[in-house]
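**Q** Below you'll find the structure I mean.
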Amino acid sequence: MFKLSEIKELIKLVDQSSLQELEIENEGARLSIRKPNKVEPLYVSAPVQHTYAPIGQPNYTNTAPAAALEVPVTANGQAKQEDSSLHKIVSPMVGTFYQSASPGSAPFVSVGSKVTDKSVVCIVEAMKLMNEIEAEVKGEIVEILVENGQLVEYGQPLFLVRPE
Numbered sequence: 000m001f002k003l004s005e006i007k008e009l010i011k012l013v014d015q016s017s018l019q020e021l022e023i024e025n026e027g028a029r030l031s032i033r034k035p036n037k038v039e040p041l042y043v044s045a046p047v048q049h050t051y052a053p054i055g056q057p058n059y060t061n062t063a064p065a066a067a068l069e070v071p072v073t074a075n076g077q078a079k080q081e082d083s084s085l086h087k088i089v090s091p092m093v094g095t096f097y098q099s100a101s102p103g104s105a106p107f108v109s110v111g112s113k114v115t116d117k118s119v120v121c122i123v124e125a126m127k128l129m130n131e132i133e134a135e136v137k138g139e140i141v142e143i144l145v146e147n148g149q150l151v152e153y154g155q156p157l158f159l160v161r162p163e
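Each residue of the sequence shown is one higher than the one before, starting from 0 at the first, in numbering that gives the first Met the number 0.
The structure is reproduced here in structure tokens:
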């Protein structure tokens, strides 16, 4: 077994030497010390192109943001109304969205499924850990907003639920 003072002394020795890594085994205990790799940042700049409108002529082309021009449309071509009464189940982390526990099994929920606040609705995989996401509200699944296997962001809506 290593004493704390021995470990501190070994760290100092490795830090002051040209060694990058040191591994020692003593009485069944194993100690591994590695220096962090020093990576120099690489800065690359791309050429910037500037476009200027002629002076004296106002530029009236597309002054509204692109998001304001988009109108959600349903499958039958009618404009979709945002229903403020629907609850959004959002991703609590960045990861990969899965509708079922394994590729061959049935999805946790589908459109029309009744859920309770503790019902598991999907899995978000982050760093090889499978995180079960619960509905957080009692109600009915109205819409699934992401595809199976899709990467999701923190706070991204996954489901719309009509609360009971």
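Even for Gly, the Cβ is constructed at its ideal location relative to N, Cα and C.
Going by the DSSP bridge assignment, what does L157 pair with across the sheet?
**A** DSSP lists no partner for L157.
**Q** Name the DSSP beta bridge partners of L128, please?
**A** DSSP output for L128 lists A125 as bridge partner(s).
**Q** Bridge partners of G138, per DSSP?
**A** BP columns for G138 point to V114 and P162.
**Q** Helix, strand or coil, according to DSSP, for E8 in the structure here?
**A** Reduced to three states, the DSSP call for E8 is helix.
**Q** I143 and V114: beta carbons closer than 8 Å?
**A** No, they are not a contact pair.
**Q** Classify A67 as helix, strand or coil using the three-state DSSP reduction.
**A** Note that A67 scores a pLDDT of 47, beneath 50, so its modelled location is shaky; the value from the coordinates is reported in the next line. The answer is helix: DSSP assigns A67 an H, G or I state.
**Q** For S31, count the other beta carbons within 10 Å of its own beta carbon; 16 or more makes it buried, fewer makes it exposed. Which is it?
**A** Exposed.
**Q** Hey, out of A125, A134, L85 and L3, whose CA is closest to G148's CA?
**A** That would be A125, whose Cα lies nearest to the Cα of G148.
**Q** Does L3 come out as helix, strand or coil in the three-state DSSP assignment?
**A** Residue state, collapsed to three classes: helix.
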